[in-house]
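Input: a single structure, listed below in structure tokens.
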Amino acid sequence: METYFLKKEDILKFYERIAQEYELFVPVKAESLSKPKCECGPSLLTDNFTLKKFSQVNKEDIVFSDYRCIEPTRTFFTHYKEDLGTCFETTGLKEKKERPQALCGVKNCDIFALKIQDFVFLGGNEVDPTYKARRESTLIISSDCPVFKDVCFCRAFDINPYPVEGFDFNLTPLSNGYLIDVATQKSRMIALSLKDIFAPATLAQLSGRSAKRESANRRLDDYLKQYQIPKKETLQDIVLSGYNSPVWNEEMRTCVECNGCVFICDTCHCFLLTDDTSSGNARRLRLWDGCLFKNFTKVAGGGNALRLRYMRLRNRYLKKFDFFFSNLGIQACCGCGRCIDVCPGKIDIRRILRKLHESRYAPKEVTG
Amino acid sequence: MKKNIYQPIKAIVEEVIVETPTIKTFKLKPQEPLRFATGQFIELTVPGVGEAPFTPSSDPGVSDVLDLTIMNVGEVTSKLHKMQKGDLVGIRGPYGLGYPLDKFKGRDILIVGGGVGLAPLRSLLFSLFSNIDKYNKVVLRYGARTSKDLVYKAYFPEWAKKDKVDLLASVDVGDPSWQGNVGLVTTVLGAVPVDFANAVAVVCGPPIMMKFVTLKLLDLGFKHDSIYLSMEKSMSCGLGKCGHCRIGKYYACKDGPVFTYEQLKDIRDIWD
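Residue numbers (numbering that gives the first Met the number 0), protein chains in the order written: chain A, 0 to 367; chain B, 0 to 271.
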């Protein structure tokens, strides 16, 4: 991996070069409703970032996103509604003649989450060809998180707020520009053509980056202390031992079953194959599905293994922290905190995990 | 051209056999031969309605015609039940793992079916019958609510005559036309002529029946890894991707749909 330095004023040239070959998505500030201050802990940044097409934004609106964007990175690989063609026509399958995409603003949490998506759509008995094509053609331009959002908790699971693998380019912001890691053949070709603006990084710049990264880790660690999030090594054990815990029911009291947490989740992947009959010729669709919907596991005849709300919440945690540990050796949670941001019921994964951990390791004494 | 893994092949309904007032067997002719191992399932498309998973009930040795025995209970099946000879359906698959016939060799095989759950077991029976020398004995115990709900009645006399085959059907509620046994299928298991400790048991039926049959089999001394259970889940993709059919660390579509009790015993609420 080579590392270069790019002056701040040259970033647009970099983007323009990428945009020659790719449909480039860049971070901009999202116009969001005012957000109440976090109830616990210090008041933190609440700006939101979202990815927009480079070709469609005012260039002065492009920002460096300090932390992950609103949308999960998976939206660029499996669209929430995918038209698979008519029922039988292979020729009707929209041969996905998409321009290869380049994604800026991808963070290390997103890169971690892609491990889960890759396992699902590239692994198993069959490879999903659409996902594979998109994954292979997409250029990932990730970046460090110099600061974090109030809901971020990647470090609780030993995921750092800066990527060291899984990208083509990685940007680290410095005061007067960016360090750019060039990690793959794809990105090397582009770097070659940008020799005039890519200067080799100096030792001073590299050690400056290390210091910044350590500082980012330390600040996030300090911030996360208040949440007492269990270590990732304990997650499988606490969700299994907490099977009959009252936590599931307690936490579901404020759930409105919107499935926002599922659809905003970077690691969720469930989908439903269905036929759209609204037009004359039925189309086969692949839609994102959510395990908090009450019919998620309903079978013909009415049987439903997840018929009650608390069962569905528990199922979600078992999938993330039991199933994926057993099958892939990692948890299906990257600590991005998107589910916390989106929940109208203030259901907080950090709190649920802490409660499960507490009841496992420090059960309340039975009194009376 | 990239293969669309979610797309079915066409199949034509060749014949519809009425088994019971709510169950029909559909003989389907796929446009290309479809090879499956007994116990594997397919996703059946009823165009314009959707898909549902079924395990073929026909002989796996036959690949140009496929039988599906289906109860009318849901959206897909109710439309399917209105279909007639010549109608078009779609098939994806086969998916999942079949019955591990290698492990059945030289052993007594107890097959316990409930209602329409005899469908996948009929496919298994055909496989066993075609190589009956390899197995010690095949014992079938089949239960249904009433005599009207028994499927494949026409086959029973032929099967009963076979060497090394022992067959008994039982109904939960008797009626004057029924000469056979009356009682839940669990009540006839104690007396089955098999060597419990070394036999294999294959069970398919509604969840409540599977639960009590399993408990009975454990009671009789069947080994945990010798009880094979067909798990009913809402399988959508069949490929281990869509996430609907998770059972503990398994997906029913990829790791099943047949599991041993050994695989399932530590997972909670498996009968729900």
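Heads up, the beta-carbon is just placed ideally off N, CA and C, and yes, glycines get one too. Bear in mind the structure is a predicted one, so any value in this text is a computation, not a measurement.
* For E81 of chain A, write down the residues that DSSP places opposite it in a beta bridge. => A:R285
* Using three-state DSSP, classify C103 of chain A as helix, strand or coil. => In the structure shown, C103 of chain A falls within a strand segment according to DSSP collapsed to helix, strand and coil.
* To do: Name the one or two DSSP bridge partners that V273 of chain B has.
  => Summary: the structure shown does not reach residue 273 of chain B, with chain B confined to residues 0 through 271, and so no result is reported for it.
* Just mark N57 of chain A as buried or exposed, buried being the case when its beta carbon has 16 or more other beta carbons within 10 Å. => exposed
* Please check if any C-beta of chain A sits within less than 7 Å of the C-beta of P256 of chain B. => Cβ-Cβ to chain A under 7 Å: no for P256 of chain B.
* **Residue-chain proximity (E439 of chain A, chain B), Cβ-Cβ < 7 Å** => As shown, chain A starts at 0 and ends at 367. That puts residue 439 of chain A outside it, with no answer to give.
* Asked: Using a C-beta to C-beta distance shorter than 7 Å, which residues of chain A count as neighbours of L149 of chain B?
  -> Those do not exist, as L149 of chain B stays about 19 Å from chain A at its closest Cβ, beyond 7 Å.
* Who does R140 of chain B pair with in a DSSP beta bridge? -> B:V111, B:L167
* To do: May I ask you to list, following chain order, the residues of the region 205 to 228 of chain B that have a beta carbon less than 7 Å from some beta carbon of chain A?
  => P206
* **Interface partners of S136 of chain A on chain B, CB under 8 Å** => Here the premise fails: no neighbours, minimum Cβ distance about 13 Å.
* As assigned by DSSP and simplified to three states, the class of A196 of chain B -> Shown here, A196 of chain B sits in coil according to DSSP, grouped into three states, outside any helix or strand.
* Asked: Quick one: what does DSSP say L389 of chain A is sitting in, helix, strand or coil?
  -> There is simply no residue 389 of chain A to check, as chain A begins at 0 and stops at 367 in what is shown.
* Within its chain, find whatever has a CB closer than 8 Å to the CB of D58 of chain B; leave out the 5 residues flanking it on each side and keep chain order. => S122, F125, S126, S129
* Opening and closing residue of the alpha helix (DSSP H) in which P206 of chain B lies -> 206 to 219
* To do: Label V146 of chain A either buried or exposed according to how many other C-beta atoms from any shown protein chain fall within 10 Å of its C-beta, with 16 as the threshold for buried.
  => exposed
* Closer than 7 Å by C-beta to V164 of chain B: which residues in its own chain qualify, once you throw out the five before and the five after it? Chain order, please. => Answer for V164 of chain B: V137, W158, listed in chain order.
* Asked: Looking at the unbroken beta strand (DSSP E) that takes in E250 of chain A, where does it start and where does it end?
  -> For E250 of chain A, no beta strand (DSSP E) run applies; the uninterrupted alpha helix (DSSP H) run containing it begins and ends at 246 to 251, by DSSP.
* **Neighbourhood of S77 of chain B by C-beta distance below 6 Å, restricted to the same chain and skipping five residues each side** => N71
* **Proximity test, Cβ basis, 7 Å: C264 of chain A and chain B** => Answer no: the Cβ-Cβ gap between C264 of chain A and chain B never drops below 7 Å.
* To do: Express the C-alpha separation of H243 of chain B and H223 of chain B in angstroms, rounding to a whole number.
  => 26 Å
* Asked: Would DSSP call S229 of chain B helix, strand or coil?
  -> strand
* To do: Can you give me the start and stop residues for the beta strand (DSSP E) that N169 of chain A sits inside?
  => 168 to 173
* List the residues of chain A whose Cβ lies closer than 7 Å to the Cβ of T76 of chain B, in chain order. => A299
* **Per-residue contacts from V119 of chain A into chain B (C-beta, under 7 Å)** => K240
* To do: Could you name the residues of the same chain whose beta carbon sits closer than 8 Å to that of R154 of chain A, not counting the 5 residues immediately before and after it, in chain order?
  => Same-chain partners within the cutoff: P160, N216, L219, D220, L223, G334.
* To do: Quick one: which residues of the region 320 to 347 of chain A get their C-beta closer than 8 Å to a C-beta of chain E? List them in chain order.
  => Absent from the structure: chain E. Protein chains present are A and B.
* **Proximity to F324 of chain A [Cα-Cα], best of A:K114, A:K194, A:P71, A:E81** => A:K114
* Asked: How long is the line joining the alpha carbons of K6 of chain A and Y177 of chain A, rounded to whole angstroms?
  -> 6 Å
* **Exposed unless 16 or more other CB atoms sit within 10 angstroms - verdict on T90 of chain A** => Residue placement at T90 of chain A is flagged as unreliable, the pLDDT there being 42, under the threshold of 50; a coordinate-derived value is accordingly withheld.
* Per DSSP, which residues does I8 of chain B bridge with? Please list them. => In DSSP, I8 of chain B forms a bridge with B:I90.
* To do: Name the residue from B:C241, B:V184, B:N3 whose alpha carbon lies nearest to the alpha carbon of T213 of chain B.
  => B:V184
* Asked: Using the beta-carbon of each residue, which ones in chain B are nearer than 7 Å to A281 of chain A?
  -> Within 7 Å Cβ-Cβ: P46, G47.
* **Inter-stretch contact (C-beta, 8 Å, three-pair minimum) for the region 166 to 173 of chain B and the region 80 to 90 of chain B** => no
* Asked: What residues of chain B sit near L271 of chain A, judged by a beta carbon separation below 8 Å?
  -> S235, C241, H243
* **Unbroken beta strand (DSSP E) run spanning F270 of chain A, endpoints** => 270 to 275
* Asked: Are any of the Cβ atoms in chain B nearer than 7 Å to that of L83 of chain A?
  -> yes
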